[in-house]
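Read top to bottom, the protein sequences are chains A and B. Residue 336, in our numbering, is where the first sequence stops; the numbers in between run on with no holes. Residue 1336, in our numbering, is where the second sequence stops; the numbers in between run on with no holes. We put the CB at the ideal spot given by N, CA and C, even for glycine. Quick notes on the structure that follows.
There are 2 protein chains.
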Amino acid sequence: MNRKIITSAHGGGGTATKEIIDIAREYLGNPALDQLGDSALLDLDGTGIAFTTDSYVIDPIFFPGGDIGKIAVCGTVNDIAMEGAKPLYMSLSLILEEGLEFELLERVIASVASAAREAGVLVVTGDTKVVEHGRAGGGLFINTAAVGRRYEGCDTSVSNAAPGDLVVVTGTIGDHGVTIINEREELELESGLKSDVAALNTLVEELLTSVPGIKSLRDPTRGGLAAALCDIAGASKAGIEIEEVKIKVKREVKAACDLLGFDPLNIANEGKAVIVCSEDSADEVLKICRDNEFGRESVLIGSVVSEHPETVVLRTTMGGKRIVDMPRGENLPRIC
Amino acid sequence: MNRKIITSAHGGGGTATKEIIDIAREYLGNPALDQLGDSALLDLDGTGIAFTTDSYVIDPIFFPGGDIGKIAVCGTVNDIAMEGAKPLYMSLSLILEEGLEFELLERVIASVASAAREAGVLVVTGDTKVVEHGRAGGGLFINTAAVGRRYEGCDTSVSNAAPGDLVVVTGTIGDHGVTIINEREELELESGLKSDVAALNTLVEELLTSVPGIKSLRDPTRGGLAAALCDIAGASKAGIEIEEVKIKVKREVKAACDLLGFDPLNIANEGKAVIVCSEDSADEVLKICRDNEFGRESVLIGSVVSEHPETVVLRTTMGGKRIVDMPRGENLPRIC
């Protein structure tokens, strides 16, 4: 009998991960879970809240631009923000290996503290477990969960995109994923590249409190820009058309992708947002984003169309068109 | 230079774990975190909520009486309940190893679903990560976080015990920890022993809505009854005196502890509560507990005293007295 087993692809955030989500939905399904957003949107005595969780297993633990502590805060803060909520409270759960140096743990906790302070969230509860040496990835894993309060009247669901809307990305893509693979595989790419890991809650708050035309928000983490756009197109039952020439990819990211056969569209980002907005609000969206330190290089990359529903199409620099598929997920394990 | 490293004791829930909590408090400290309860108690637009997290690294994954999925739900539900709140929403984050069988994962998720349904909580959000074979303990780790609503006017903090109050335990102690060590070390104890893992939120709700005299609640998990009582005595700045003859320990648990040199007071439980209540409410507390399927063997084990503040004293069966220390935490790693 051929028994089905977990592979690294199942952690990649693409179609393979969906197989696990399907099992979870089969057994646990309820209206809140079935939204499948970055956070669950819930009602608590009339207050709209968002609730999310993420585990972080990134290898290496420290990398240019950040570390597992910073990413554990920013990733979870962003999951709350993308659902149109203000992150308030966070939990911190540590799975540590025997033999881990206290000094390293202290550096990680200091980084959690600094990122939480910057994002304006309080770490209010936690847990510590210890496992045998080598049994927590080679150092430590972190889980964070967070609770936020929804901004009133805001709905940023991936199902809201409609033909005529425009698509903005808040900067270059692929920086995080290529930084990690560069560290891990010792590619020795030209120095200077670092992860974009950042908390985007302030940027999102500025957008949601000033621009009425925001339709959908998503952070293109695992599975990259491709997965985020496929999610939006699928949930909105609309087509999306993007232009390759508009998408900003750093030279060293492009070089690494060429070398390794990766598509920059599939590479994880940890400090970027995909914003779908009405056509008449796009100028204001771009202005607000470019005025924010984490959105300086924001750019309009395409639009939502009535053709090819549920499908993302890329107009290539060469003038051709190709379909952008939901990545399966195997190319970069332990990226966050 | 002698560098300090993490040892299994740091995961034991005793004094060694406190060293890590101290680092966390140094960097992250805020009034909610500093309560150091099983959950953080927070205010959200006038609604009192409880928020908690726990990671589960138990080895083996399946054991008599339960599995990692059931314990991940019950443990987190109990952390919310012990703080005087009703668990509502839960997150489920999986860290899976490459090579894990889908069938095993499905059994665990089915167990999560069944335990959540029984406890009346909804799993509303989740995450999946995959790491290399052997790098998630030898199978999988689970993190759950939960949000609950506080019962109005209830304060079950460990700091509320006062001289004259009585101490109730809802059944036999040590069943969970000894079940796990029996499985892991193949002690081949007489069959029939199983983990007590259970969600106690219904029992707690019955108590809090019927008896006004509940002072403190705590579930004696890692560190066992000793750690729970030391926490209460310490936080309340009161003494606690308990009687060995009153404490129920199953024969096979006692035998295993004798064999291995463990103290049953230090062994983890996963379906028990320690209840401190006013003297005049003790009869009603015992009645409610004994009428509940998870409290049939509830028993009064001692009282809060004005002597020896912050110290727990055991009157032994032989008529002597000994101090019950906060365990350091090394004897049973990966117990939950």
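Give me the Cα-Cα distance between residue i and residue j, rounded to the nearest whole angstrom.
i: Val-1057 (chain B); j: Ser-91 (chain A); result: 18 Å
i: Leu-105 (chain A); j: Ile-71 (chain A); result: 15 Å
i: Lys-1004 (chain B); j: His-1010 (chain B); result: 12 Å
i: Val-305 (chain A); j: Lys-129 (chain A); result: 49 Å
i: Ala-1234 (chain B); j: Arg-1328 (chain B); result: Rather than Ala, the amino acid found at residue 1234 (chain B) in this sequence is Gly. Going by the C-alpha atoms only, they are around 16 Å apart.
i: Thr-76 (chain A); j: Leu-1094 (chain B); result: 15 Å
i: Ala-273 (chain A); j: Val-313 (chain A); result: 19 Å
i: Asp-54 (chain A); j: Asp-1291 (chain B); result: 39 Å
i: Asp-165 (chain A); j: Val-211 (chain A); result: 14 Å
i: Leu-33 (chain A); j: Ala-40 (chain A); result: 6 Å
i: Gly-37 (chain A); j: Asp-219 (chain A); result: 11 Å
i: Ile-180 (chain A); j: Gly-223 (chain A); result: 15 Å
i: Asn-182 (chain A); j: Gly-29 (chain A); result: 39 Å
i: Glu-1132 (chain B); j: Leu-1140 (chain B); result: 11 Å
i: Gly-1261 (chain B); j: Glu-1252 (chain B); result: 14 Å
i: Leu-187 (chain A); j: Pro-64 (chain A); result: 14 Å
i: Ala-50 (chain A); j: Lys-215 (chain A); result: 17 Å
i: Met-318 (chain A); j: Val-324 (chain A); result: 16 Å
i: Pro-1060 (chain B); j: Leu-1189 (chain B); result: 17 Å
i: Val-1169 (chain B); j: Ile-1275 (chain B); result: 6 Å
i: Met-82 (chain A); j: Leu-200 (chain A); result: 9 Å
i: Pro-87 (chain A); j: Gly-271 (chain A); result: 16 Å
i: Arg-315 (chain A); j: Gly-302 (chain A); result: 9 Å
i: Arg-1149 (chain B); j: Thr-1052 (chain B); result: 12 Å
Flag residue i as yes if its beta-carbon sits less than 9 Å from any beta-carbon of chain A, otherwise no.
i: Phe-1062 (chain B); result: no
i: Asp-1054 (chain B); result: yes
i: Tyr-1151 (chain B); result: no
i: Glu-1097 (chain B); result: yes
i: Gly-1011 (chain B); result: yes
i: Thr-1017 (chain B); result: yes
i: Leu-1208 (chain B); result: no
i: Ile-1020 (chain B); result: yes
i: Ile-1109 (chain B); result: yes
i: Ile-1006 (chain B); result: yes
i: Asp-1045 (chain B); result: yes
i: Ile-1023 (chain B); result: yes
i: Leu-1225 (chain B); result: no
Please confirm if residue i has its CB atom under 9 Å from at least one CB of chain B.
i: Ala-72 (chain A); result: no
i: Pro-333 (chain A); result: yes
i: Asp-325 (chain A); result: no
i: Ala-119 (chain A); result: no
i: Lys-215 (chain A); result: no
i: Ile-180 (chain A); result: no
i: Asn-269 (chain A); result: no
i: Gly-134 (chain A); result: yes
i: Val-197 (chain A); result: no
i: Arg-3 (chain A); result: yes
i: Thr-170 (chain A); result: no
i: Phe-294 (chain A); result: no
Per the DSSP calculation, residue i is bridged to which residue(s)?
i: Ala-85 (chain A); result: A:Arg-150
i: Met-1090 (chain B); result: B:Val-1123, B:Ala-1146
i: Arg-315 (chain A); result: A:Glu-243, A:Lys-321
i: Gly-1329 (chain B); result: For Gly-1329 (chain B), which the question treats as bridged, DSSP gives no partner whatsoever.
i: Glu-307 (chain A); result: Partner(s): none; Glu-307 (chain A) has no beta bridge.
i: Leu-1200 (chain B); result: Leu-1200 (chain B) pairs with nothing; no bridge assigned.
i: Leu-1100 (chain B); result: For Leu-1100 (chain B), which the question treats as bridged, DSSP gives no partner whatsoever.
i: Leu-1300 (chain B); result: B:Val-1168
i: Ile-1095 (chain B); result: B:Lys-1129, B:Phe-1141
Would you mind reading off the limits of the alpha helix (DSSP H) that contains residue i?
i: Lys-287 (chain A); result: 282-291
i: Val-1177 (chain B); result: Checking the displayed sequence, the identity of residue 1177 (chain B) turns out to be Gly instead of Val. Its alpha helix (DSSP H) spans residues 1175-1185.
Name the two residues that bound the continuous beta strand (DSSP E) containing residue i.
i: Ser-1216 (chain B); result: 1214-1218
i: Ile-1275 (chain B); result: 1274-1277
i: Leu-1166 (chain B); result: 1166-1169
| task | Go through the stretch 1221-1271 of chain B residue by residue and report every complete run of the beta strand (DSSP E) that reaches 3 residues or more, in order. | result | As far as the stretch 1221-1271 of chain B is concerned, its whole beta strand (DSSP E) runs of at least 3 residues are 1239-1243.
| Unbroken beta strand (DSSP E) runs of length 3 or more, entirely within the stretch 1104-1160 of chain B: which are they? | Within the stretch 1104-1160 of chain B, the complete beta strand (DSSP E) runs of at least 3 residues are 1122-1131, 1140-1150.
| task | Could I get the ranges of all uninterrupted beta strand (DSSP E) runs contained in the stretch 4-68 of chain A, with 3 residues as the minimum, in chain order? | result | Within the stretch 4-68 of chain A, the runs of beta strand (DSSP E) that reach at least 3 residues and sit entirely inside it are, in chain order, 40-44, 47-56.
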